[in-house]
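These protein sequences, in sequence, are chains A and B.
Heads up: the first sequence runs through residues 666 to 872, numbered per the working numbering.
Heads up: the second sequence runs through residues 666 to 872, numbered per the working numbering.
For every residue, glycine included, the Cβ atom is placed at its ideal position computed from N, Cα and C.
Note that the coordinates shown come from a computational prediction; the quantities given were computed from them, not determined experimentally.
Input: a single structure, listed below in structure tokens.
Protein chains: 2
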Amino acid sequence: MTDAPRRKRVPRAEREQQILAAAEEVFAERGFQNTSMDEVSLRVGVSKPMLYEYFTSKEGLLLACVARIRADLHTTTLGAMAAAEADGPRAVLEAGLEAYFDFADRHGRAWAVLLNESVIVAGPAEEAIEAIRGQQTRLLEDVLGRWLVDASPTRVAVLAHGLVGASERVARWRLRDGSGIGPRETAVLLADAFWPGFAEVESSAKP
Amino acid sequence: MTDAPRRKRVPRAEREQQILAAAEEVFAERGFQNTSMDEVSLRVGVSKPMLYEYFTSKEGLLLACVARIRADLHTTTLGAMAAAEADGPRAVLEAGLEAYFDFADRHGRAWAVLLNESVIVAGPAEEAIEAIRGQQTRLLEDVLGRWLVDASPTRVAVLAHGLVGASERVARWRLRDGSGIGPRETAVLLADAFWPGFAEVESSAKP
DNA sequence: GCGGGTAGCCTACTGAGAGTAGGGAGAGAA
DNA sequence: TTCTCTCCCTACTCTCAGTAGGCTACCCGC
């Protein structure tokens, strides 16, 4: 796991990345609560005070992991949706969903632990994780808002939050039960369920 | 908070209820992680070993709280859905959603902490909380399966899981942002979004 | 009333792990 | 060389989950 036959001095930025990688690994294996800082430090091959020096607290370390994966998720889905822009809103929706499920697949248990399971407590970490959802929700509200021009903001909000929740649960179900169904098919299935509900209003908004 | 001017002997069943009530309260206030068993014991007016005698561990205590609220949620939604049975599937769906949001409203932060936030770690507690969603999902699969007779089980599963996730997220959004919108309106809004996606298939299934 | 059995209860510990104090040493600058 | 700054460590403290072991109020049968 570790390659530290001889402790060597390493610049901060690099060490931080090593620590983050190890932490993500251990959190994914054991869950947040069952992970001890001693174990992370052991795996990196560095002493515990280093972790505190660089990340302040155990929660801080989690936060950093979350921030990293969050940024990744954001650019991924955003990119996929932007690429589908020309093909209309339905395509955008599907592209976003597919990118999301694909992301969950690629990150496996790390995704589940960091974004769903280990979810901590009240406090900054909860906020950080909630912020991921907020980011996805805003993305959706944006898209939906552009197409459901007549819908009330409340309606748009309910749809966006609902869709985020639906995606999360479905992704988790896919991870657990390992149903053979792929990201693309899942996205289409979900889009099928939601889309008519959007279109219904859309069509009444444009005569 | 406590009314224990003089420690008095209390039968087990009664004490258990006192403990559960106090625990639910403290968990809701502080979150699972930030709650200490000492604090719970203090609030009940009983010593810590009692909690362990009756509930085995901190996680066991949470489990018991969760089991309690879970049973409550189940009977509530099931009852509401059964009562709407005569009015057709759309009414059943709406009734179930409304009952869910209403439940979330009534239990406030306890609902959020016990079913969403504090979600712990890997292990039995996670399973227990996942089981709540499983229960809701099965309920939905049941209803959906009866009406989407031609749909593949996979499609039904995606819809059910998606709807559970959507409800959860929307309920949480309502709790946090305290949007003025009531349970009934929220239910209708969500049902509007999902229903056409169901009906599309349904119409092909029934004359 | 008077033992005795048991259910409810307690004080006082152990052990694990989060977080800290305080200092050492390599590497580049002067 | 020496200065200093950054990276790093050993060796603690303190909180809190969980436990050992024993006491006592209450109910029962006598």
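With respect to the 8 Å criterion, residue 765 (chain A) and residue 742 (chain A) are classified as neighbours on the basis of their beta carbons. In this chain, the alpha helix (DSSP H) harbouring residue 819 (chain A) covers 818-842. About 16 Å separates the CB atoms of residue 809 (chain B) and residue 827 (chain A); that is not less than 8 Å, and the two are not in contact. Of the other Cβ atoms in all chains shown, 16 or more fall within 10 Å of the Cβ of residue 698 (chain A); this residue is therefore buried. The three-state secondary structure of residue 740 (chain A), taken from DSSP, is helix. Under the Cβ criterion (8 Å, minimum of three pairs), the stretch 705-718 of chain A counts as touching the stretch 688-695 of chain A.
For residue 819 (chain A), the closest of B:740, B:819, B:835, B:704 by C-alpha to C-alpha distance is B:835. Think of a sphere of 8 Å around the beta carbon of residue 833 (chain A): the chain B residues whose beta carbon falls inside it are 830, 834, in chain order.
For the C-beta of residue 827 (chain A), the chain B residues within less than 7 Å are, from N- to C-terminus, 831, 834, 835, 855, 858. In this structure, the alpha-carbon of residue 755 (chain B) lies about 30 Å from that of residue 804 (chain A).
In chain order, 693, 840 place their CB closer than 8 Å to the CB of residue 773 (chain A), counting only its own chain and leaving out the 5 sequence neighbours on each side. Contact with chain A is absent for residue 812 (chain B), since none of that chain's Cβ atoms lies less than 8 Å from the residue's Cβ. The Cβ atoms of residue 860 (chain B) and residue 758 (chain B) lie closer than 8 Å to each other.
The beta carbons of residue 760 (chain A) and residue 748 (chain A) sit about 7 Å from each other, so the pair counts as a contact at 8 Å. Within the stretch 681-739 of chain A, no beta strand (DSSP E) run of at least 3 residues lies entirely inside it. For residue 755 (chain A), the nearest beta carbon of chain B is not closer than 8 Å to its own beta carbon.
Not a single C-beta of chain A is nearer than 8 Å to the C-beta of residue 821 (chain B).
The C-alpha of residue 793 (chain A) lies about 42 Å from the C-alpha of residue 753 (chain B). For residue 851 (chain A), the nearest CB of chain B lies under 8 Å from its own CB, placing it at the interface with that chain. Setting aside the 5 residues that flank it on each side, residue 744 (chain B) is surrounded in the same chain by 764, each with a C-beta closer than 8 Å to its C-beta; the list follows chain order. In the three-state scheme derived from DSSP, where H, G and I count as helix and E and B as strand, residue 778 (chain A) is classed as helix.
For residue 813 (chain B), the secondary structure class from DSSP, reduced to helix, strand or coil, is coil. Within chain A, the residues 858 have their CB atoms less than 7 Å from the CB of residue 824 (chain B), given in chain order. Between residue 858 (chain B) and residue 824 (chain A) the beta-carbon gap is near 5 Å, inside 8 Å, which marks them as a contact. Distances from the CA of residue 837 (chain A) to each of A:771, A:731, A:717 were compared; the closest alpha carbon is that of A:771.
Contact of residue 797 (chain B) with chain A is not assigned, every C-beta pair being separated by 8 Å or more. Of A:731, A:750, A:739, the smallest CA-CA separation from residue 812 (chain A) is found for A:750. Scanning its chain for C-beta atoms nearer than 7 Å, with the 5 sequence neighbours on each side dropped, one finds no residue around residue 717 (chain B). Residue contact check for residue 776 (chain B) against chain A: no CB pair falls below 8 Å. When secondary structure is reduced to three states using DSSP, residue 845 (chain A) falls in the coil class, being assigned neither helix nor strand. By the rule that beta-carbons nearer than 8 Å mark a contact, residue 846 (chain B) touches chain A. Exclusion of the five residues before and after residue 729 (chain B) leaves 685, 720 as the residues of its chain whose Cβ lies within less than 7 Å of its Cβ.
Distances from the CA of residue 795 (chain B) to each of B:732, B:703, B:775 were compared; the closest alpha carbon is that of B:732. The beta carbons of residue 830 (chain A) and residue 833 (chain B) sit closer together than 8 Å. Inter-residue distance for residue 673 (chain A) and residue 702 (chain A) is about 20 Å (C-alpha atoms, whole angstroms).
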